[in-house]
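Data block below; observations after.
Protein chains: 2
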Amino acid sequence: MSGSSVVEGEAQAEVQAGAQAAVLPVSRRTLHDEVVGRIRDMIIEGHLPTGSRIHEGQLGARLGISRTPLREALKFLASEGLIDLVPGRGAVVRTLTRVDVRDLLEVLTALESSAGRSACARASEAEIAGVRRLHDAMMEFYARRDRLEYYKLNQAIHSAIAALSGNAYLAQVHETIQQRLRRIRFLGNQGPEKWSAAVAEHEAMIAALEARDGEALATVLTEHLRRTWDRVIDVVEP
Amino acid sequence: MSGSSVVEGEAQAEVQAGAQAAVLPVSRRTLHDEVVGRIRDMIIEGHLPTGSRIHEGQLGARLGISRTPLREALKFLASEGLIDLVPGRGAVVRTLTRVDVRDLLEVLTALESSAGRSACARASEAEIAGVRRLHDAMMEFYARRDRLEYYKLNQAIHSAIAALSGNAYLAQVHETIQQRLRRIRFLGNQGPEKWSAAVAEHEAMIAALEARDGEALATVLTEHLRRTWDRVIDVVEP
DNA sequence: CGAGCTTCGATTGCGTTCAATCATCCTGTA
DNA sequence: TACAGGATGATTGAACGCAATCGAAGCTCG
Numbered sequence: 031m032s033g034s035s036v037v038e039g040e041a042q043a044e045v046q047a048g049a050q051a052a053v054l055p056v057s058r059r060t061l062h063d064e065v066v067g068r069i070r071d072m073i074i075e076g077h078l079p080t081g082s083r084i085h086e087g088q089l090g091a092r093l094g095i096s097r098t099p100l101r102e103a104l105k106f107l108a109s110e111g112l113i114d115l116v117p118g119r120g121a122v123v124r125t126l127t128r129v130d131v132r133d134l135l136e137v138l139t140a141l142e143s144s145a146g147r148s149a150c151a152r153a154s155e156a157e158i159a160g161v162r163r164l165h166d167a168m169m170e171f172y173a174r175r176d177r178l179e180y181y182k183l184n185q186a187i188h189s190a191i192a193a194l195s196g197n198a199y200l201a202q203v204h205e206t207i208q209q210r211l212r213r214i215r216f217l218g219n220q221g222p223e224k225w226s227a228a229v230a231e232h233e234a235m236i237a238a239l240e241a242r243d244g245e246a247l248a249t250v251l252t253e254h255l256r257r258t259w260d261r262v263i264d265v266v267e268p
Numbered sequence: 031m032s033g034s035s036v037v038e039g040e041a042q043a044e045v046q047a048g049a050q051a052a053v054l055p056v057s058r059r060t061l062h063d064e065v066v067g068r069i070r071d072m073i074i075e076g077h078l079p080t081g082s083r084i085h086e087g088q089l090g091a092r093l094g095i096s097r098t099p100l101r102e103a104l105k106f107l108a109s110e111g112l113i114d115l116v117p118g119r120g121a122v123v124r125t126l127t128r129v130d131v132r133d134l135l136e137v138l139t140a141l142e143s144s145a146g147r148s149a150c151a152r153a154s155e156a157e158i159a160g161v162r163r164l165h166d167a168m169m170e171f172y173a174r175r176d177r178l179e180y181y182k183l184n185q186a187i188h189s190a191i192a193a194l195s196g197n198a199y200l201a202q203v204h205e206t207i208q209q210r211l212r213r214i215r216f217l218g219n220q221g222p223e224k225w226s227a228a229v230a231e232h233e234a235m236i237a238a239l240e241a242r243d244g245e246a247l248a249t250v251l252t253e254h255l256r257r258t259w260d261r262v263i264d265v266v267e268p
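Line order of the protein sequences matches chains W and E.
Residues in the first sequence are numbered consecutively from 31, following the numbering used here.
Residues in the second sequence are numbered consecutively from 31, following the numbering used here.
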């Protein structure tokens, strides 16, 4: 086993912590949120396969921590819905069924539509230009067929629109859902025709945002996510 | 102090647990979710004032449990946003600022609008009739000016519409938000003219649902929550 | 007399340990 | 031979205790 301690890893899950960090100017140190972020990544990346039980002693040893902070992190993740806590049997990695994915996408649609309308109404020109830059960078990776980097920027754009709503809570919930869908959406974008269609939808998205046409943006986002459902439906089981 | 143990209390926070309990036919026993529900209630009811620090030893003694399960429960509640975990200082009850309430209501609007559309499209006649019964019962309490019971049914109706969407995740997030706003919305409905206006909006809601007019229902819900914002704006500080 | 530093008490963070529960395997009997 | 029952090992759930850190009071010095 790799005797790596947690301390080595960088804090990658600061997105939603930043939303309510206004009262604490700089989040001094992440104590055990490190562990939360780490386990969350392990689940999303597939290192902890869905449906499998989480052995506390074993995972704790791998992370170089004792069971107590690990259990606290598991409780936190359970609240996010990534794992289920079965009374006598511990934590099991939650499997996303087809219905789960549909439900998550539906909520994502509601949130992004609302965010899109707000963004068109209140975002500054500079902020919109920032999204445009993300889009252009994404198109670069599309031209090079760099799927991983393309996808990262794709998610960043959606997150940016959610953030442009000016609604921190919306952005936070949006981020949580997007993380949970990350793996499935990535797998679902296989195939050049699917990919090019998604790109076209993104073009329309940016156009609507720059035109500050909230209704059009909401419509495009809704349609985009409806087609995302079509794209991922084959990837997810049951 | 009251030396009451946790075991006496009934489990009141089973709402969102039920959403994903399909795999576990009967949720055998709630081990520490009891504690989560208890603390959540204490916060919402105001027994733990907002902004105050939570003393682990003290609260643990009051609940009759040791610090370990209490800390796990606090981590869970932190993920819901009810409390903030400050690294060296423990847990503090989160204060809902005006911006927070606005953000929460905005997300609630997006969710309920979406749910309303879905409900009109897919709910059975029996389910709609069930909501009507809730509404009629609520009107009874309105006639008697029983504000507490009125308000309970008011929330139940909104939850029912969220559930009628057929989207378990949406219903869960909706419930979480509604719980967080419970106290403020209750305080905000003071005054007879505010109250009667809210009742009228509810009438329109039920009418749109029974007519299965999804767009109308979404509009009414949006308007209802916008006016809710007006009603509560004086109650919440900053 | 006020400000900065130091020390001390209190509280949190985490590791360790004990009790309860669950799963598996073995044994005995029909 | 197959099934039922019990016993044992493993794993979770909760309590305890120690070390680190935070806040505050007291002391010293300018």
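Think of the CB as a built atom: it goes at the ideal place given N, C-alpha and C, for glycine as much as any other residue.
Predicted model, so just to flag it, every value in this text is computed and none were measured.
CB contact check: residue i to chain W, cutoff 9 Å
i       : result
Y181(E) : no
F106(E) : yes
L54(E)  : Model confidence at L54(E) stands at a pLDDT of 33, short of 50, so the residue's coordinates are unreliable; what they give is reported in the following sentence. It does: the Cβ of L54(E) has a partner Cβ on chain W nearer than 9 Å.
S189(E) : no
D260(E) : no
D176(E) : no
V161(E) : no
N197(E) : yes
D130(E) : yes
Rounded separation between residue i and residue j - CA only
i       : j       : result
E223(W) : L255(W) : 16 Å
V262(W) : G244(W) : 27 Å
A159(W) : V137(E) : 26 Å
R215(W) : L178(W) : 12 Å
H16(W)  : R68(W)  : Look at the range of chain W in this structure, 31 to 268, and you will see that residue 16(W) is not part of it.
C150(W) : A234(W) : 14 Å
A193(E) : Y199(E) : 9 Å
R147(E) : R147(W) : 18 Å
P99(W)  : A91(W)  : 12 Å
A230(W) : G218(W) : 16 Å
V122(E) : A121(W) : 27 Å
W225(W) : R210(W) : 21 Å
E40(W)  : A201(W) : Its pLDDT being 35, under 50, E40(W) is placed unreliably by the model, and nothing is read from it.
E86(E)  : A237(W) : 52 Å
S195(E) : V66(W)  : 31 Å
V116(E) : D130(E) : 19 Å
Y181(E) : Q220(E) : 11 Å
P55(E)  : G81(W)  : Confidence in P55(E) is poor, its pLDDT being 37 and thus under 50, which makes the residue's placement unreliable; the coordinate value appears in the next sentence. Roughly 18 Å separates the two Cα atoms.
Proximal residues of chain E, C-beta to C-beta of residue i below 9 Å
i      : result
S82(W) : Under the 9 Å cutoff, chain E gives no residues; its nearest Cβ is about 15 Å from S82(W).
C-beta neighbour in chain E for residue i, strict 9 Å
i       : result
D134(W) : The sequence shown places Leu at residue 134(W), rather than the Asp named in the question. So yes, L134(W) belongs to the interface.
D71(W)  : no
R15(W)  : The requested residue 15(W) is not part of the displayed model; chain W covers only 31 to 268.
A246(W) : no
A121(W) : no
V266(W) : no
S96(W)  : no
I74(W)  : no
V250(W) : no
V229(W) : no
S226(W) : no
CB of residue i within 9 Å of CB of residue j, strictly
i       : j       : result
K105(E) : F171(W) : no
L112(W) : I73(W)  : yes
R212(W) : Q185(W) : yes
S144(W) : A248(W) : yes
A228(E) : T252(E) : no
E142(E) : H232(E) : no
D260(E) : N197(W) : no
E64(E)  : S109(W) : no
R101(E) : E102(W) : yes
L23(W)  : A153(W) : Since the first and last residues shown for chain W are 31 and 268, residue 23(W) lies out of range.
A140(E) : A140(W) : yes
For residue j and residue i, believed in contact at Cβ under 8 Å, the rounded distance
i       : j       : result
V161(E) : I207(E) : Not really, about 19 Å apart at Cβ, beyond 8 Å.
L126(E) : V266(E) : 6 Å
R83(W)  : R119(W) : 7 Å
L183(W) : A167(W) : 6 Å
Within chain W, partners of residue i - CB distance below 8 Å
i       : result
R101(E) : E102
S144(E) : E136, V137, T139, A140
L200(E) : D133, E136, V137, A140
Contacts of residue i in chain E (Cβ-Cβ under 8 Å)
i       : result
V203(W) : V137, V203
N219(W) : The premise fails here: N219(W) is roughly 22 Å from chain E at the closest Cβ pair, so nothing lies under 8 Å.
Within chain E, partners of residue i - CB distance below 7 Å
i       : result
A153(W) : Simply none; closest approach about 15 Å.
Check: residue i C-beta below 8 Å from any heavy atom of the ligand GTP
i       : result
F171(W) : No copy of the ligand GTP appears in this structure; indeed no ligand is present at all.
Partner residues on chain W for residue i, Cβ-Cβ distance less than 7 Å
i       : result
S109(E) : F106, S109, E110
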